[in-house]
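Colleague: Residue numbers (the numbering used here), protein chains in the order written: chain A, 235 to 456; chain B, 1496 to 1789.
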Amino acid sequence: MIRFDKVSFSYNSKKILDNVDLYINNDEFLFVVGESGIGKTTLFKLMYFEEIPTSGTVFFENFSSDNIDVQEIPYLRRRIGVVFQDFKLMQDRDTFDNISLPLEIIGDKKDTIKKKVFDAASRVGLLDKLNKKPFDLSGGEQQRIAIARAIVNKPEVVIADEPTGNLDPIISMDILKLLNEINRRGTAVIIATHNFELVRKLRDKRIVQVKDQKLYEVKIRT
Amino acid sequence: MNFGYLLKESYRGLASAKLSTIASILTISLSLIMLAVFYNISLNSSKLIESIKNRVEIEIFLQDNFSQENLDQLRDILKRTGGVKKIEYISKEDAAKIFEKEFGKEMLDVFERNPLPPSMKVYLFDDYKTTSRIEKLISDVSESPIVSDIVYPKQNLEVIEQNTTGIYYLNLIILILISIASIFLVSNTIRLVINSKERLIEIYKLLGATRNFIRAPFIFEGLVQGFIGGIIAVVLLYLFYIYFASNYLSEIFSLTFNDGIFMVVLVVIGLLLGTIGSTFSVRKFLKEKISIGT
């Protein structure tokens, strides 16, 4: 589904990724690990075409970074649910309106939107918080809004950038279980994290490490 | 996009930046008032020129003795020259009557006999009221032996001719300048509102919103601001007309501030200003920010 073909990316002459290959399957659960600032977010931005490689090609299904038209990018992004590191929630609107945003964008009908938002909210356990605004909610709850917004439109892949970054271990585990559940229902999930402890808890998953501008497949020793 | 969502988003946009919204509405009102005032100045200057031109007539004074044949010949010459709307013959007797009416009988009593010559008043179509055409007419008419003198307001006509084009272009340039300044002012004020929503636009883009989806609420907001700005301008100009202009100015100037069509046009221009202003302002944020690796 997602393929990196000899991708290099430099920013302001600083090389971040150097000639990397990566293939992600439709139903995959993938951890991208690495220290902070090593290039995990860049890897994600390349996936939803916020960045275009310096050389090499990124493919998402039929889209290719070599020849994508700017006008097509919105349609690619609708097929990817992104949970941003800083959540990127709209502070002036409530949980319902935040979750419904991707559906408003594709022009779903009011009734459909209601149904899908209730469904997504129930999956992340936010049904009783639908009329609360983000600043009235805890960090974990805000993260859940971001996840619900990412899955509400049934994307083919959910990308979560440090989804447990600022959360305590118990809530982090809850979020991880939630993403695992999403994956079990058939959506590919890619999680970037610098927290190796977390990765160890779901030890059967595929892990890719970003290190020295390269990607390495990692196996956890049992 | 659902229309309900568009309304909701636009309302949210207007309500979340109240001060900037009020500022852009007032900017639109001010621009419209400037346009309206200038339009009226321009209209009145054209009317003034028109009224001077309307008064242009040629008086051909004739010898005392002539035959009907001579008179018909003169009429033929005038008709051949073209541009003649109406010819009015004033006999010696008619001239005396007109003189009496204007200056009193006593003045004429001084003379033993009527000293006033017969004459012809020639009215021209507007297009023919130019010095070159009138001079041509004069040279044609001079051929007639019964013509003694020809008079027309040459100086007035020359002043108009020299300045009409200048006034027209001056009006046009000022109108264009005011329009550009208005669009610039309005789009800058609206930009203040949109600037505060840069983050929001960024989120929309990352979630897969198309340009039209992002643009629509801002343009609708511009439309609403333009409408309110237009209504305010119309009301202020109307109040000015009712309480001030109709009492003090109406005899010199004719103003259009109470004219229904003028009001509608002004509101429509307000709508356009708001829409164009917001289209310009949001354009900057719509460009896809893709960093291409260096």
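Virtual Cβ for every residue (Gly too), placed ideally from N, Cα, C.
Using three-state DSSP, classify A/D252 as helix, strand or coil.
Modeller: Along the first sequence, one-based indexing puts residue 252 of chain A at 18. Reduced to three states, the DSSP call for A/D252 is strand.
Colleague: What are the residues of the stretch 291 to 302 of chain A that lie near chain B, defined by any Cβ-Cβ distance shorter than 7 Å?
Modeller: From the stretch 291 to 302 of chain A, no residue has a Cβ closer than 7 Å to chain B.
Colleague: Go through its chain and collect everything with a Cβ distance to B/S1519's Cβ below 7 Å, but skip five positions before and after it.
Modeller: Within the second sequence, numbered from 1, the residue matching residue 1519 of chain B stands at position 24. Same-chain partners within the cutoff: V1681, T1684, I1685, V1688, Q1720.
Colleague: Would a C-beta distance cut-off of 8 Å place A/I272 and A/K445 closer than the cut-off?
Modeller: Numbered from 1 along the first sequence, position 38 holds the residue referred to as residue 272 of chain A. Numbered from 1 along the first sequence, position 211 holds the residue referred to as residue 445 of chain A. A contact, by the Cβ cut-off of 8 Å.
Colleague: Could you check how far apart the C-beta atoms of A/F263 and A/K439 are, in whole angstroms? I think they sit under 8 Å.
Modeller: Against the first sequence, residue 263 of chain A aligns to sequence position 29. Against the first sequence, residue 439 of chain A aligns to sequence position 205. Indeed, because the Cβ distance is near 5 Å, the residues count as touching under 8 Å.
Colleague: Taking the alpha-carbon positions, what's the B/S1526 to B/A1676 distance?
Modeller: The residue given as residue 1526 of chain B occupies position 31 in the second sequence. The residue given as residue 1676 of chain B occupies position 181 in the second sequence. Cα to Cα, B/S1526 sits roughly 8 Å from B/A1676.
Colleague: Does the Cβ of B/E1597 have 16 or more other Cβ atoms within 10 Å, making it buried, or fewer, making it exposed?
Modeller: Numbered from 1 along the second sequence, position 102 holds the residue referred to as residue 1597 of chain B. So B/E1597 counts as exposed.
Colleague: Less than 8 Å between CB atoms is the rule here; does B/N1497 satisfy it with respect to chain A?
Modeller: In the second sequence, the residue the question calls residue 1497 of chain B occupies position 2. Output row for B/N1497: interface = yes.
Colleague: In chain A, which residues lie with their C-beta within 9 Å of the C-beta of B/L1695?
Modeller: Stepping through the second sequence from its first residue, residue 1695 of chain B is reached at position 200. What B/L1695 touches in chain A: M324, D326.
Colleague: If you draw a straight line from the C-alpha of B/V1759 to the C-alpha of B/D1622, how long is it?
Modeller: Residue numbering aside, residue 1759 of chain B sits at position 264 when the second sequence is read from its first letter. Residue numbering aside, residue 1622 of chain B sits at position 127 when the second sequence is read from its first letter. Computed Cα separation, rounded: 33 Å.
Colleague: Indicate whether B/T1774 and A/P308 have their beta-carbon atoms separated by less than 8 Å.
Modeller: Position 279 of the second sequence, counted from the first residue, corresponds to residue 1774 of chain B. Position 74 of the first sequence, counted from the first residue, corresponds to residue 308 of chain A. Contact flag unset, no.
Colleague: Cβ closer than 9 Å: which chain A residues qualify as neighbours of B/L1701?
Modeller: Stepping through the second sequence from its first residue, residue 1701 of chain B is reached at position 206. Chain A residues near B/L1701: Y282, E284, R311, V316, F318, K322.
Colleague: Which residue marks the beginning of the beta strand (DSSP E) containing B/L1557, and which one marks its end?
Modeller: The residue you call residue 1557 of chain B lines up with position 62 of the second sequence. From DSSP, the beta strand (DSSP E) with B/L1557 extends over 1553 to 1557.
Colleague: Show which residues of chain B have a CB atom less than 9 Å away from the CB atom of A/L335.
Modeller: The residue given as residue 335 of chain A occupies position 101 in the first sequence. Ordered by position in chain B, the residues that pass the 9 Å Cβ test against A/L335 are I1698, Y1699, L1702, A1704.
Colleague: Measure from the alpha carbon of B/N1497 to the alpha carbon of each residue in B/L1766, B/I1709, B/N1753, then state which is nearest.
Modeller: Reading the second sequence from its first residue, position 2 is the one you call residue 1497 of chain B. Closest option to B/N1497, Cα to Cα, is B/I1709.
Colleague: Please list the terminal residues of the continuous beta strand (DSSP E) segment that includes A/F294.
Modeller: As a working mapping, residue 294 of chain A is identified with position 60 in the first sequence. Run containing A/F294: 289 to 294, per the beta strand (DSSP E) assignment.
Colleague: Applying the criterion that 16 or more other CB atoms from any shown protein chain within 10 Å of the CB defines a buried residue, is B/F1739 buried or exposed?
Modeller: Walking along the second sequence from the start, residue 1739 of chain B turns up at place 244. It counts as exposed.
Colleague: Residues of chain A with a CB under 9 Å from the CB of B/S1511: which are they?
Modeller: Against the second sequence, residue 1511 of chain B aligns to sequence position 16. Ordered by position in chain A, the residues that pass the 9 Å Cβ test against B/S1511 are D326.
Colleague: State the start and end residues of the unbroken alpha helix (DSSP H) segment that holds B/I1714.
Modeller: Mapped onto the second sequence, residue 1714 of chain B falls at position 219. Looking at the DSSP string, the run of the alpha helix (DSSP H) that includes B/I1714 is 1706 to 1735.
Colleague: Can you grab the Cα-Cα spacing for the pair B/E1545 / B/P1613, in whole Å?
Modeller: Here residue 1545 of chain B corresponds to residue number 50 of the second sequence, with the count starting at 1. Here residue 1613 of chain B corresponds to residue number 118 of the second sequence, with the count starting at 1. The straight-line gap from Cα to Cα measures roughly 29 Å.
Colleague: Buried or exposed for A/R437, please, with buried defined as at least 16 other CB atoms from any protein chain shown within 10 angstroms of its CB.
Modeller: If you number the first sequence from 1, residue 437 of chain A lands on position 203. Classification for A/R437: exposed.
Colleague: Leaving out five residues on either side along the sequence, give the residues of the same chain with a beta carbon under 7 Å from the beta carbon of B/V1617.
Modeller: Mapped onto the second sequence, residue 1617 of chain B falls at position 122. Around B/V1617: E1552, I1553, I1555, L1573, V1579, I1582.
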